[in-house]
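Only one structure is covered here, and it is reproduced in the block below.
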Amino acid sequence: MKRGEVWTLAGASHYGGKPRSVVIVQDDRFDEIASITVCLLTSNGTQAQAFRVPVDPTEASGLAQPSWLMADKITTVPKARLGRRIGRLDDETMLRLNRAMLVFLGLAG
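As structure tokens, this is what we get:
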């Protein structure tokens, strides 16, 4: 499990309860702990657009449809809830996600 990878998450409880795709945002140096911090993806890009980062479906990302990273939906889950690795985001998309998280968390200055 590495930062930037796209995984399935079983039952993303508070946001619909259905399995969904997530991106790992936790630094790789903290691999030893039993939990992992992820950013949820959605196929609905109409809500909270200021905190949504678009992701195109590509072979590399493993996504089947246009999706949006929800920088306002960052959560930490037990690693056991992750299903399978489906892809990896490119560096440009991760940079946009980093910036969106900095703004949302009030760390941008």
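Note that numbering that gives the first Met the number 0 has the sequence shown beginning at 0, numbered continuously upward.
Heads up, the beta-carbon is just placed ideally off N, CA and C, and yes, glycines get one too.
Model, not experiment: these values are computed from the prediction.
Start and end residues, beta strand (DSSP E) containing residue i
{"i": "A70", "result": "S66 to P77"}
{"i": "P53", "result": "R51 to V54"}
{"i": "V22", "result": "R19 to I23"}
Per DSSP, cross-strand counterpart(s) of residue i
{"i": "E31", "result": "In DSSP, E31 forms no bridge with anything."}
{"i": "V114", "result": "What is shown of the chain runs 0 to 108, which leaves residue 114 out entirely."}
{"i": "G86", "result": "V5"}
{"i": "L81", "result": "L8"}
8 Å CB neighbourhood of residue i in its chain, flanking five on each side removed
{"i": "P56", "result": "L62, A63, Q64, P65 and S66"}
{"i": "G10", "result": "G16, K17, P18 and R80"}
{"i": "V52", "result": "W67, L68, A70, T92, R95, L96 and A99"}
Contact set for residue i: own chain, Cβ-Cβ below 6 Å, skip 5 residues either direction
{"i": "A70", "result": "F50, A99, M100 and F103"}
{"i": "T75", "result": "S34 and T36"}
{"i": "Q25", "result": "I35 and T36"}
{"i": "S85", "result": "In the sequence under discussion, the amino acid at residue 85 is Ile, which differs from the Ser named in the question. So the qualifying residues of the chain are V5 and G61."}
Any non-hydrogen atom of the ligand FAD closer than 7 Å to residue i Cβ
{"i": "E31", "result": "Judged by which ligands are present, the structure shown has none, so any question about the ligand FAD falls away."}
Reduced DSSP category for residue i - H, G, I as helix; E, B as strand; rest coil
{"i": "T7", "result": "strand"}
{"i": "R95", "result": "helix"}
Own chain, CB closer than 7 Å to residue i, minus 5 neighbours either side, in chain order
{"i": "P77", "result": "A33 and S34"}
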